[in-house]
Amino acid sequence: MADEDAGDKAEERKCLYTSPLAQPLITDKLLDRALKLLKKAVAEKGATRRGVPEVTKAIRKGQKGVCFLAGDIYPMDVFAHVPIVCEEKGIKYCYVSSRHVLGGACQTRRPISIIMVMEPKADATFSKTFEQVAAGVAAIHPYM
Numbered sequence: 017m018a019d020e021d022a023g024d025k026a027e028e029r030k031c032l033y034t035s036p037l038a039q040p041l042i043t044d045k046l047l048d049r050a051l052k053l054l055k056k057a058v059a060e061k062g063a064t065r066r067g068v069p070e071v072t073k074a075i076r077k078g079q080k081g082v083c084f085l086a087g088d089i090y091p092m093d094v095f096a097h098v099p100i101v102c103e104e105k106g107i108k109y110c111y112v113s114s115r116h117v118l119g120g121a122c123q124t125r126r127p128i129s130i131i132m133v134m135e136p137k138a139d140a141t142f143s144k145t146f147e148q149v150a151a152g153v154a155a156i157h158p159y160m
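For the sequence shown, the working numbering begins at 17 and goes up steadily by one.
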């Protein structure tokens, strides 16, 4: 019983801080689709890049995909350069309310500050979901 209570508390973590730079912040239906995409992409080997160094390296090498950044990271200087590099390379990016939400979608207990879902190959199971999320992010993004 005590284990179930601890699990519920971990699931119900509220975001106490959101950076003023975290725009565009996705919510509702697009957030649900994005989390579904993350769950499917993590299941496939080599479909994601996690962490600031790995994502930055992938972007600079010219790999395509969609970047999801946590909006509650403090200080924001940790990955403040990523949106600029994404815009230069034409990569779509968006913010998610919490790093715990990203970690939960990736089926890990650790919070994740940034993750990039790589553009799927033709035979990937998540290609349709990827296209829907990419179109949604492009629609709400002011600079794309």
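Beta carbons are placed, not taken as given, at the ideal position from N, Cα and C, and that holds for glycine.
Could you pull the start and end residues of the beta strand (DSSP E) that residue i belongs to?
i   : result
A86 : G81 to A86
R66 : T64 to R66
Which residues bound the alpha helix (DSSP H) around residue i?
i    : result
R115 : R115 to A121
P99  : V98 to K105
K144 : S143 to I156
For residue i versus residue j, is the C-beta spacing smaller than 8 Å?
i    : j    : result
Q123 : K55  : yes
I130 : V71  : yes
K67  : K105 : One point to set straight first is that residue 67 is Gly, not Lys, in the sequence displayed. The answer is no: Cβ separation not under 8 Å.
S35  : G87  : yes
I107 : K80  : yes
V82  : A150 : yes
Where residue i and residue j are concerned, what is the direct C-alpha to C-alpha distance, given to the nearest angstrom?
i    : j    : result
V153 : C110 : 7 Å
Y159 : L41  : 14 Å
Q39  : L85  : 10 Å
D44  : I75  : 27 Å
F95  : A155 : 23 Å
Y33  : K73  : 28 Å
R115 : A140 : 26 Å
V112 : K52  : 13 Å
I89  : P127 : 10 Å
P91  : H97  : 13 Å
R125 : A138 : 31 Å
Q157 : L37  : Looking at the sequence shown, residue 157 is not Gln but His. Roughly 13 Å between the two C-alpha positions.
D93  : F146 : 28 Å
Mind checking who residue i pairs with in its DSSP beta bridge?
i    : result
L41  : Y111
M132 : R65 and C83
Cβ contact (3+ pairs, closer than 8 Å) linking the stretch 101-108 and the stretch 44-54: No, the stretch 101-108 does not touch the stretch 44-54.
Is the stretch 127-141 touching the stretch 53-66, taking contact as three or more C-beta pairs under 8 Å? Judged by Cβ distances under 8 Å, the stretch 127-141 makes contact with the stretch 53-66, as three or more pairs qualify.
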